[in-house]
Amino acid sequence: MIKKIKENVVMDNGFVRVYNDHVEFNGGIKGQYFRMSLSERLPNYGVAIICEYNGKFIIMDNYRYAHNGFLIEIVKGMGMNDKTPEETARIEVEEEIGGRLENLISLGEVKGDLSDTIIHCFHAKISSFIDTNHEETETIENIRLVSIEEIKKLIRNNEIQDTVTLSLFAKIL
């Protein structure tokens, strides 16, 4: 086990809070450990939703600044104040792909190794579509329907690299 000696906030930009804590490792060795959370102004959860329409899955290209390029992803979003993960999932599906939900089923949770943020995972069946309402800070392109066989091929060919998207497809394959 790693014991936290002192919490050390390095940065908080209103979205993400970064820590470089003073810790004690096994054997009494002292050092530092990096971790992240969502900012205190946000609830510390996210959502990820595999959306299905007429037996096909919806994926999109989402620009990610950290990679200076697009990643193939499913619908994802940060937690929203005064909203449950289910409510947040419904809002994100409508904003990102214009989907109206027929149903929403929980697939459990996933966690990363550098962040304490819990990602609530869902499988949604889409009944119909309306216009999207992307946030001004998002760059989403090439929203498309693909079969499960196409998903498997994209994964095998290393075209789907987003860890949350991979985790959710692993839950249903």
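With my numbering applied, the sequence shown corresponds to residues 11 to 183, in that order. Here a beta-carbon is modelled for each residue, glycine too, at the ideal position from N, C-alpha and C. Given the structure is predicted, the values throughout are model-derived calculations rather than measurements.
| Item | Value |
| --- | --- |
| Through-space distance from residue 32 to residue 141, alpha-carbon basis | 48 angstroms |
| contact_flag[the region 124-142, the region 106-114] where n(CB pairs < 8 angstroms) is 3 or more | yes |
| Beta-carbon proximity list for residue 26, same chain, < 7 angstroms, skipping 5 on both sides | 46, 48 and 49 |
| Residue 12 classed as buried or exposed, judged by whether at least 16 other C-beta atoms fall within 10 angstroms | exposed |
| 7 angstroms CB neighbourhood of residue 88 in its chain, flanking five on each side removed | 48, 52 and 56 |
| Nonlocal neighbours in the same chain, by C-beta distance under 6 angstroms from residue 125, ignoring five residues either side | 46 |
| The beta strand (DSSP E) enclosing residue 119, as first and last residue numbers | 109-121 |
| Cutoff 7 angstroms: residue 118 Cβ touching any chain B Cβ | This model lacks chain B altogether, as it is built from one protein chain only. |
| Identity of the residues DSSP links to residue 72 by a beta bridge | 81 and 150 |
| Span of the beta strand (DSSP E), counted from its first residue to its last, around residue 34 | 26-34 |
| Buried versus exposed, by CB contacts within 10 Å (16 or more), residue 180 | exposed |
| Short Cβ contact (7 angstroms threshold) for residue 134 with residue 103 | yes |
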